[in-house]
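First residue of the sequence shown? That's 158 in the numbering used here, and the numbers climb one at a time after it.
Even for Gly, the Cβ is constructed at its ideal location relative to N, Cα and C.
A quick write-up on the structure given underneath.
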Amino acid sequence: MSESPKILLVGCGKMGGAMLRGWLSRGVAPDDVTVIEPFAEAVGAMRQELSVTVLADVATIEPMFAPDIVVFAVKPQGMDDIVPAYAGFAAKGAVSLSIAAGRKLSYLQSRLGDRAAVVRAMPNTPAAVGRGITAACANQHVSDDQRILCTGLLEAVGDAVWVENEEMIDAVTGVSGSGPAYVFLMIECMAKAGEAQGLPADIAEKLARATVAGSGELARKSEEVATVLRQNVTSPGGTTAAALDVLMASNGGLQQLMSRAIDAATKRSRELAG
Numbered sequence: 158m159s160e161s162p163k164i165l166l167v168g169c170g171k172m173g174g175a176m177l178r179g180w181l182s183r184g185v186a187p188d189d190v191t192v193i194e195p196f197a198e199a200v201g202a203m204r205q206e207l208s209v210t211v212l213a214d215v216a217t218i219e220p221m222f223a224p225d226i227v228v229f230a231v232k233p234q235g236m237d238d239i240v241p242a243y244a245g246f247a248a249k250g251a252v253s254l255s256i257a258a259g260r261k262l263s264y265l266q267s268r269l270g271d272r273a274a275v276v277r278a279m280p281n282t283p284a285a286v287g288r289g290i291t292a293a294c295a296n297q298h299v300s301d302d303q304r305i306l307c308t309g310l311l312e313a314v315g316d317a318v319w320v321e322n323e324e325m326i327d328a329v330t331g332v333s334g335s336g337p338a339y340v341f342l343m344i345e346c347m348a349k350a351g352e353a354q355g356l357p358a359d360i361a362e363k364l365a366r367a368t369v370a371g372s373g374e375l376a377r378k379s380e381e382v383a384t385v386l387r388q389n390v391t392s393p394g395g396t397t398a399a400a401l402d403v404l405m406a407s408n409g410g411l412q413q414l415m416s417r418a419i420d421a422a423t424k425r426s427r428e429l430a431g
């Protein structure tokens with residue numbers, strides 16, 4: 158980052174911690190980060206490891222402290238008690254970025270103020286290794302500079318995209334938010350199928366993990382679309398073609414299963430968001 162912003166991070170669990178480490182690795186100065194984390198055990202460890210300011214409660218922040226951005230990385234069920242305490246920062250011009258699942262822009266704005274600049278984001282767990290993908294949407298009070306700031310912070314743990322329609326966040330949840338679980342299930346299924354063909358369990362697991370990880374990296378770095386990458390592996394009448402005849406069956410194939418799965422996740426996201 159060309160200029161180190163002043164960041165107030167609320168919550169520093171797995172996702173918040175991954176983001177914090179990403180920011181520091183991208184040039185954010187530790188002195189410009191303040192973390193609110195009520196769990197005492199985590200406080201000492203973070204202070205020692207990351208050299209950032211860690212406080213147990215927002216009430217202990219110095220009165221003159223003015224962050225450029227407040228990042229909420231807390232569980233959705235805790236938001237009611239937490240968010241209103243940060244309305245003062247929003248009133249002074251800080252943009253508020255929330256990664257809490259199911260909490261809409263309107264929910265955040267109602268607790269931070271009618272004029273609050275608010276961004277809602279949906280990351281996924283590969284952010285923990287810098288390979289996440291986050292989709293974000295903003296309300297009308299977020300400036301271009303604030304969008305740029307949010308993009309830079311989100312890209313510290315992977316890729317970031319913006320959607321203009323907040324309703325798309327539910328579909329994002331179905332595809333990428335929950336998506337890592339689908340990939341892990343694929344690894345499980347491949348490994349179990351390998352065992353059924355006589356492979357030792359540890360070798361089947363290693364083959365499945367490495368195949369999925371390597372294929373994902375190939376897809377990430379390639380300029381070809383996934384369809385072309387699949388076709389490149391498939392020889393007519395070969396072993397891959399035989400497998401794809403099953404996976405791409407018109408009735409009960411992987412596409413139908415995946416469509417049903419993502420539809421279920423998207424609908425559930427809408428239900429949780431109210």
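- One alpha carbon belongs to Phe196, the other to Lys232, and they sit about 14 Å apart.
- Around the Cβ of Pro357, a 10 Å sphere holds fewer than 16 other Cβ atoms; the residue is exposed.
- Contact check for Leu177 against Val167 fails: the beta carbons are separated by 8 Å or more.
- With 16 or more neighbouring CB atoms inside 10 Å of its own CB, Gln266 falls in the buried class.
- For the segment 298 to 337, the continuous alpha helix (DSSP H) assignments of 4+ residues that do not extend past its boundaries occur at 301 to 311 and 325 to 329, in sequence order.
- Considering only Lys349, Arg377, Glu374 and Ala376, the residue with the shortest C-alpha distance to Leu364 is Lys349.
- A residue is called buried when at least 16 other Cβ atoms come within 10 angstroms of its Cβ; Val403 does not meet this threshold and is exposed.
- Per DSSP, the continuous alpha helix (DSSP H) segment holding Val385 begins and ends at Ala383 to Val390.
- By the C-beta density criterion, Ser333 is buried, having at least 16 other C-beta atoms within 10 angstroms.
- Collapsing the DSSP output to three states places Met176 in a helix.
- Close CB contacts of Thr210 within its chain, under the 6 Å cut and outside five residues either way in sequence, are with Thr191 (chain order).
- Cα atoms of Thr217 and Ile193: separation of roughly 10 Å, rounded to the nearest angstrom.
- Pairing Pro224 with Lys163 gives a Cβ-Cβ distance under 8 Å.
- Counting only runs that start and end inside the segment 332 to 377, the alpha helix (DSSP H) elements of at least 4 residues fall at 336 to 353.
- For the options Gly259, Tyr264 and His298, the alpha carbon positioned closest to that of Pro280 is the one of Gly259.
- Bounds of any alpha helix (DSSP H) do not take in Gly409, whose DSSP letter is neither H nor E.
- When DSSP states are grouped into helix, strand and coil, Phe229 belongs to the strand group.
- If you look at Ile193, you'll find it in the beta strand (DSSP E) that goes Val190 to Ile193.
- Val276 has Leu254 and Ala295 as its beta-bridge partners, per DSSP.
- For Ile218, no beta strand (DSSP E) segment is defined, and its DSSP state is neither H nor E.
- Judged by beta-carbon spacing, Val276 lies beyond the 8 Å limit of Ala248, meaning their Cβ atoms are not closer than that value.
- Apart from sequence neighbours up to five positions away, the residues of its chain that approach Gly410 with a beta-carbon distance below 8 Å are Val403 and Leu404, ordered along the chain.
- Cβ neighbours of Ile290 within its own chain (closer than 7 Å, five residues either side excluded): Asn281, Gly315, Asp316 and Ser333.
- In the DSSP annotation of this structure, Thr282 is not part of any beta strand (DSSP E), being labelled neither H nor E.
- Residues Ala175, Val314 and Gly315 of the same chain have their beta carbon placed closer than 6 Å to that of Ala284, with the five preceding and five following residues left out of the count.
- Listed in chain order, the non-local C-beta contacts of Ala242 below 7 Å within the same chain comprise Val215, local neighbours out to five positions each way being set aside.
- In this structure, DSSP gives Gly289 an extended state, which the three-state scheme calls strand.
- Taking the C-beta atoms as reference points, Gly309 is found no nearer than 8 Å to Ser426.
- For Leu212, DSSP records a beta bridge to Ile193.
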